[in-house]
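Notes to accompany the following structure.
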Amino acid sequence: MRVKTWERPLTPTARAVPLLNSLPWARSLGTLDFPIQCQGWRFPLPPDLTLRSNRTVKPPDQTQSGTSAPDDLAPPPVAPADLLRGIQPTEEMLEFADAVGEVLGIVPEPVAGGSSLLDCQLPAPAGSSADVGDTTTRMKPPANMGRLRDRLLTLLQPPLEGMLGKGKLTLPFKPYPYQLQGVAFLIPRNAALIADEMGLGKTVQVILSLRLMLTSGMLKRALVVCPKPLVINWTRELRTWSPDMPFEVITGDTEQRTAMWKISNCPVQLVNYEILTRDHEIILDPEVRFDLVVLDEAQRIKSASSKTALAAKALKRDRSWAMSGAPIENRVEDLTSIFAFVDPKLIPAGTEPRRMSEMVRDHIIRRTKDLVATHMPPRIIRDIPLDLSTEQRETYDMAEKDGIVHLNGLGHTITVQHVFELVMRLKQICNFDPRTGASVKMEQLTADMEEVGASGHKAILFSQWVEPLENIARALAEHNPVQYHGKIPQQQRQPLLDRFKSDPLHKIILMSYGTGSVGLNLQFCNYVFLFDRWWNPAIEDQAINRAHRLGQKSPVFVSRYICANTIEERIALVLDKKRALFQELIAQNGPPISMGMSEDEIFGLFDLARAKKSA
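With the numbering used here, you'll find the sequence shown wraps up at 629, consecutive numbering, no jumps.
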């Protein structure tokens, strides 16, 4: 196996020497002021640290090395800082804070007036740093943090603004206050679900948390699991927000992946769900253990008995974080399955749905754009009712009449699958008449795209099926549409996105919900068309938020095409009601509800509930 070489020399401990010739990652850590040890690699303290205080405290013994912290003073789980107002510290607490502060490079300044409270400030780094503002964001211990030492160390944290904006770590951009609050929420918790609405920067919050925890010694090895299309996005965000933090992507043949799982000392590793599932037997090895595992798009493990969920829960770890903008897509069990990974003790088996919100409240953080991203331009949604063309109406009415007769004829043998097949057939007719190819939606889209093309903006279109996307691509040839769906090979997808973004001749990208609704950043688009409705409003929100996310500078106009007096209109009424209930649930004010359409609701689309109940 060919290995990369180090960009600059580092001093390994004896334990790390055997790994010198087999390291699969080679990105430099850059200049770090914090002591950190990653599986045997030690990065030294700056040699010119001095301790300034209004008391005399014996500094830690550093006779073993002039520049490195001794093993018995390895960085504690969190960095200390000023004590909270109203707490009178003991001399032992102050000595402990001073000793750890010297190791971490935190300089305590005496408070004017001789107060014993410390005002700890991080020395400013060389070079410029993004200003994160004058607000103060502090960490608070979770309610279930039992050990007094852990709670004390959490309370001794300096404000995040000092650590990030004017302290040791430089940032490319100024984080939003709610993002710092997200970091302050994540770091003290061993079990956490960040459920911010799509587009608010969950990835950035996790990366900043990883960076702070790595530099303070809270973790040595972390794993991020994400869908395959998002690996590229994660690598891009890591390089942007944490250029000094090494990472690698677990890939290659079985031998290469085994080496990465077992002997790599890279502090941050990325893997997609497919490889994680494939390597289930490898990760059962006792050598494969992580301080932290993060699941991105954690709804991928909503089926508790799936191979993906079983592999994720098999990972040996000390901390478990999950990320999902839609933690409940269809059923209450979706949330239960996610917390089976985050912390299975939080929701015991058999828990009543109405009690779940209270049980997990301290472990979920959820913000929506309308609450925290008031700086963002609005998302304007309009439903466009359309009357079927004459040809479509004839085909639709005939299919619906024949379908209902068939369902009634099934009697007690009728199942939800029979009803579902009729619904799908009618929805497809609303898109394109299979007999004539007529489409009132296509006529409306053609007119709308003339406006988009003339304005110089770009648009995204979503459909449930690939076939309509191919029809639309032919009809909109003058706008040079880009197709992005399951038929497009994985290796071609990112180049397609890059070309769509950079080439002004490409006015619209055509996406399937399954492929394009998650994880993609398309905030350079100002128009979103939902050619047909998905079964779940949470999935629709994910699709819309490909454009309406941080970085968007203009209003996003969303058009939902709904054929009047059809199955689409009936489905829309059900989904709108469920969307309102979902907002109530995810705000943790009410009991969990199902987001997908239930069997009763599907039968009710044709007033077939009685037939179903009599089965």
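Note that the Cβ used here is the ideal one computed from N, Cα and C, for glycine as well.
Asked                                                                                                       : Found
Buried versus exposed call for R519 [16 or more other C-beta atoms within 10 Å across all chains shown]     : According to the sequence shown, residue 519 is Leu rather than Arg. With fewer than 16 Cβ atoms within 10 Å of its Cβ, L519 is classed as exposed.
Coarse secondary structure for Y190, derived from DSSP in three states                                      : coil
Three-way DSSP call (helix, strand, coil) for W275 in this model                                            : helix
Segment limits, alpha helix (DSSP H) that includes V496                                                     : Where V496 is concerned, there is no enclosing alpha helix (DSSP H), although the beta strand (DSSP E) it sits in stretches over 496-498.
At least three beta-carbon pairs within less than 8 Å, the region 450-460 to the region 430-441             : no
Beta-carbon gap between Y287 and V239 smaller than 8 Å                                                      : yes
Neighbour flag for S320 against chain D, beta carbons, 8 Å                                                  : Going by chain labels, chain D is absent from the structure shown, which holds only one protein chain.
Neighbourhood of K316 by C-beta, 6 Å cutoff - its chain only, sequence neighbours within 5 removed          : D348, S351
Option in T272, L324, L174 with minimal Cα separation from D299                                             : T272
N247, enclosing beta strand (DSSP E) - first and last residue                                               : Per DSSP, N247 belongs to no beta strand (DSSP E); it is in the alpha helix (DSSP H), 245-255.
Beta-carbon proximity list for M212, same chain, < 6 Å, skipping 5 on both sides                            : G339, Q556, N559
Within 8 Å, strictly: CB atoms of V197 and S230                                                             : no
Cβ-Cβ distance between I296 and A325 below 8 Å                                                              : no
Unbroken beta strand (DSSP E) run spanning P391, endpoints                                                  : Looking at the DSSP string, P391 is not in any beta strand (DSSP E), and its letter there is neither H nor E.
Rounded straight-line distance, which links the Cα of V570 to that of I394                                  : 6 Å
Of the listed residues L284, P260, T268, nearest to L4 (C-alpha basis)                                      : With the chain running from 15 to 629 in the structure shown, residue 4 is simply not present.
DSSP bridge partner residues for S573 (one or two, in chain order)                                          : R396, F543
Per DSSP, the bridge partner or partners of M337                                                            : I208
Range covered by the alpha helix (DSSP H) that runs through D434                                            : The sequence shown places Phe at residue 434, not Asp. 430-445 is the span of the alpha helix (DSSP H), which, as asked, contains F434.
Residue environment, L59, which counts as buried when at least 16 other CB atoms sit within 10 Å            : Note that L59 has pLDDT 33, beneath the 50 cutoff, so the model's placement of it is unreliable and the number below is only indicative. Classification of L59: buried, given that the 10 Å Cβ count is 16 or more.
Same chain only: Cβ atoms within 6 Å of V542, ignoring 5 sequence neighbours per side                       : I474, I558, A561, V572
Spatially closest choice to T268 from I289, P257, R250, M232, by CA coordinates                             : I289
Outcome for T151 when other beta-carbon atoms lying within 10 angstroms are tallied against a minimum of 16 : buried
Buried versus exposed, by CB contacts within 10 Å (16 or more), G215                                        : buried
Given K455 as reference, the closest of R449, C444, E465 once Cα atoms are compared                         : C444
Identity of the residues DSSP links to V227 by a beta bridge                                                : Checking the sequence shown, residue 227 turns out to be Met, not Val. For M227, which the question treats as bridged, DSSP gives no partner whatsoever.
C-alpha gap between P257 and V220, whole angstroms                                                          : 15 Å
Per-residue burial, N279 [other beta carbons within 10 Å of its own, 16 or more giving buried]              : buried
Limits of the alpha helix (DSSP H) - the one that I502 falls within                                         : Element bounds for I502: n/a, residue is neither H nor E.
Buried or exposed by the 16-neighbour rule on C-beta atoms within 10 Å, applied to S453                     : buried
Three-state secondary structure assigned by DSSP to N422                                                    : helix
The ligand GDP heavy atom lying under 7 Å from the CB of Q193                                               : Summarising the ligand content, the structure contains no ligands, and the ligand GDP is consequently not present.
Buried or exposed by the 16-neighbour rule on C-beta atoms within 10 Å, applied to V356                     : buried
Cβ shell of R513 (< 8 Å), same chain only, five flanking positions each side left out                       : V496, H520
Rounded C-alpha distance that separates E582 from Q193                                                      : 38 Å
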